[in-house]
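Residue numbers (this note's numbering): 6 to 74.
C-beta atoms are modelled at their ideal positions from N, C-alpha and C, and glycine is treated no differently.
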Amino acid sequence: MPINYLLPTYLVERDTNRCIKCGACARQCSNETHYKDEDLDIMCVHEERCVNCQRCVTICPTHALTIKR
């Protein structure tokens, strides 16, 4: 069986009803997974960069984030 060296992909779910677009998740993430699209005024995610450290989930003041595999 071949070995897969790719990192697992995680699904970062953001509850848009709870998210206040404060950017705490983007500031906390060392992998630049989260970013704000200024034109659309929404928070976005590069899911391929997520390593499931859960720092964004912990820091979110409105508990708008969850990470699933």
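Excluding the five sequence neighbours on either side, which residues of its own chain have a C-beta within less than 6 Å of the C-beta of residue i, listed in chain order?
i: V17; result: V50, E52, C55, I72
i: N57; result: Y15, I72
i: D42; result: C49
Chain D beta carbons: is any one of them nearer than 8 Å to that of residue i?
i: L45; result: In summary, chain D is missing from the structure at hand, where a single protein chain is found.
Between the C-alpha atoms of residue i and residue j, what's the straight-line distance to the nearest angstrom?
i: C65; j: C30; result: 6 Å
i: G28; j: Y40; result: 8 Å
i: R32; j: C61; result: 9 Å
In the structure shown, what three-state DSSP assignment does residue i receive?
i: V56; result: coil
i: T38; result: coil
i: I25; result: coil
i: C65; result: coil
For the ligand MN, is there any heavy atom lying closer than 7 Å to the beta carbon of residue i?
i: T63; result: For the structure depicted, the ligand MN is absent and the ligand set is empty, with no information on it obtainable.
With burial defined as no fewer than 16 other Cβ atoms inside 10 Å of the residue's Cβ, what is the status of residue i: buried or exposed?
i: E19; result: Position check: residue 19 holds Arg in this sequence, whereas Glu was assumed. Counting Cβ neighbours within 10 Å, R19 comes out buried, since at least 16 surround it.
Spatial neighbours of residue i within its chain, please: CB distance less than 7 Å, with the 5 preceding and 5 following residues excluded, ordered by chain position.
i: T67; result: R23, C24, I25
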